[in-house]
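Novice:
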Amino acid sequence: MLLLVSGSVFYSSSQPYGNQTLIPFLEKVLPSQPFKEVLQKVEFYYGGKIVSVEQSGYYNFIEFFFRKATHFSVYAIMGAIYILILHAFNMKKQLIWAVAPLTLIFFAISDEWHQSFTANRTPLVTDVMIDTLGICVGIIVTQLLKKA
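Number 36 in the working numbering belongs to position 49 of the sequence shown; there are no gaps in the numbering.
1. What did DSSP end up calling F31 once you bin it into helix, strand or coil?
2. Apart from the five residues on each side of it in sequence, which residues of its chain come closer than 8 Å, Cβ to Cβ, to I10?
3. Give the secondary structure of S103 by DSSP, where H, G and I count as helix, E and B as strand, and everything else as coil.
4. Closest Cβ-Cβ distance between M78 and chain C: below 7 Å?
5. According to DSSP, what are the bridge partners of S(-7)?
6. By how many angstroms is the C-alpha of I64 removed from the C-alpha of G125?
7. Using only the alpha-carbon positions, how far apart do M(-12) and A67 sit?
8. How many Å lie between I83 and L71 at the Cα?
9. Could you tell me the distance, in whole angstroms, from the CA atom of V(-4) to the CA atom of Q130?
10. Look up K36 in the DSSP assignment and say whether it is helix, strand or coil.
11. Output the boundary residues of the alpha helix (DSSP H) element that contains L73.
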């Protein structure tokens, strides 16, 4: 399962942005641009650029959050799966807490580097930070559920 998820991440990173955009889908399902007035008040920096409805447009702004939520979620799933695999091999808990995050963070870094070779894709340290947060949440939640 971990190989399937990591293979999907690798494949996704090799696809140009134009092959992955959610904009046409968002335009169909959100034609009325709900919450636009509220979202127009939101502005922040990410990857050295301003992210806002005004700067990017409504659908690009919404897509930005979907893409970052995907980063977080996929890496949380990878963290959960990986820690379960390491437990199945009866690895010491202290070693698991070191091996799982470090291995997956290295994978996140290599994935961003891999994106640097893909047209219209930008490798970002901030994406690795989101991935790392997802990894940690996935590991912690899995550990807590294992104890429950």
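A virtual CB, placed ideally from N, CA and C, is assigned to each residue, including glycine.
Specialist: Let me lay it out:
1. It is a strand residue.
2. Result list for I10: Y46, N47, E50, in chain order.
3. coil
4. Structure shown: chain C not included; a single protein chain is present.
5. As DSSP reads the structure, S(-7) sits in no beta bridge.
6. 6 Å
7. 11 Å
8. 10 Å
9. 24 Å
10. strand
11. Residue range 45 to 75 is occupied by the alpha helix (DSSP H) that includes L73.
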